[in-house]
Every structure is written in structure tokens, then in C-alpha cells.
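Residue numbers (the working numbering): 20 to 176.
Below you can see the structure in the form of C-alpha cells.
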């Protein structure tokens, strides 16, 4: 069984994820990194990031129809050490609840509520199975991240 972080209030804090996607030519990536480092005030090199994400869906899915939108996907995010990705002792497990994107026509980005619960001990995949979820897909995300004003995390793959 896995143990999650308890929060003082009745509800876990909800964050909002804003996704903007763009295509940058390989030749311009160093210039973009330099500008992000200058904008974010980071004098050191960008922070490396290596995540293995496993998406899980409910074992019993709602039949197709209007109620189907109430099924939620959970993601198990395993943050690995980029210098030693095989060392699972340094890995951090987080269960991520990603809400549905909020529909607004005047937005130039996809915005959705997200809730994160860090797993401190135990078998996180088994915990998701006990919650009634099963494996759906997985991917690995590797890149750099920058913090802007201590609030906005900018990720560059």
C-alpha cells in the first residue's frame, strides 16, 4: 500500500495547468534556453527533467454517452534522476489527477485543473490498482525546466 501526503484542509490544493505548444527549430533551441535563463533569472544551466508517466483509466468504464465525461484518468508520474535514471531509490512517485480542459473560446491555451499527491512509501502502481484503475499507456518526458517568479514552471523538451 502507498502513503500519500495529507493536507490540513478538507480538500487537496488544486493547481491549474496551462499548456501552450510550439515548434522550435533545433538550431534555435540554444537561443531559446539562453532567453529563458535570462527571463527566469537562473544563472546556472537549466534544471534537467526526466519523468516516466503511466496513465491509468478506471477498470470499469462508464458506457458511451453523456455520463462518460465523469470518468477520470490518473497518472503516476515517476520523477527520475537524469544522472542516474536506473536508481529507483532516488525516484519520486506522484499521483496526478488531471481534470478535463475548461472550454472557453477566448483562450489561446488549454487550461485544466490538476491535483498532485506525492507517494512517500509503498508500491504506487499497486495502490492505483486498489483504487480501481488499470494501465492505459505510458511515456517518458525528458528536457529542461525553468521557474519564472517562483510560480510558473516552463518546460522545454
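Glycine is no exception: its CB is placed at the ideal position from the N, C-alpha and C atoms.
Item                                                                                                                                                                                      : Value
With DSSP as the reference, label residue 91 as helix, strand or coil.                                                                                                                    : coil
So, at 7 Å on beta carbons, what are the nonlocal neighbours of residue 91 in its own chain, with the 5 sequence-adjacent residues on each side left out?                                 : 116
Where does residue 104 sit, in a helix, a strand or coil, going by DSSP?                                                                                                                  : coil
Might you give, ordered along the chain, the residues of its own chain that have their beta carbon closer than 6 Å to the beta carbon of residue 113, omitting 5 neighbours on each side? : 96, 135 and 137
Taking C-beta to C-beta, are residue 69 and residue 101 nearer than 8 Å?                                                                                                                  : yes
Residues in its own chain within less than 6 Å of residue 73 by CB, not counting five upstream and five downstream?                                                                       : 95 and 157
Pop quiz: residue 93 and residue 75 are said to be a contact at Cβ under 8 Å. What is the actual Cβ separation, rounded to whole angstroms?                                               : 5 Å
How would you call residue 167, buried or exposed, if buried means at least 16 neighbouring beta carbons within 10 angstroms?                                                             : exposed
Mind checking whether residue 164 and residue 170 have CB atoms under 8 Å apart?                                                                                                          : no
Kindly indicate which three-state DSSP category residue 59 falls into: helix, strand or coil?                                                                                             : helix
Can you grab the Cα-Cα spacing for the pair residue 89 / residue 35, in whole Å?                                                                                                          : 19 Å
Residue range of the beta strand (DSSP E) that residue 77 falls in?                                                                                                                       : 66–77
For the candidate residues 132, 82 and 139, whose alpha-carbon lies nearest to that of residue 109?                                                                                       : 139
Which partner residues of residue 162 appear in the DSSP bridge assignment?                                                                                                               : 68
Relative to the C-alpha of residue 87, which residue among 130, 119, 54 and 153 is closest?                                                                                               : 119
DSSP three-state call for residue 36: helix, strand or coil?                                                                                                                              : strand
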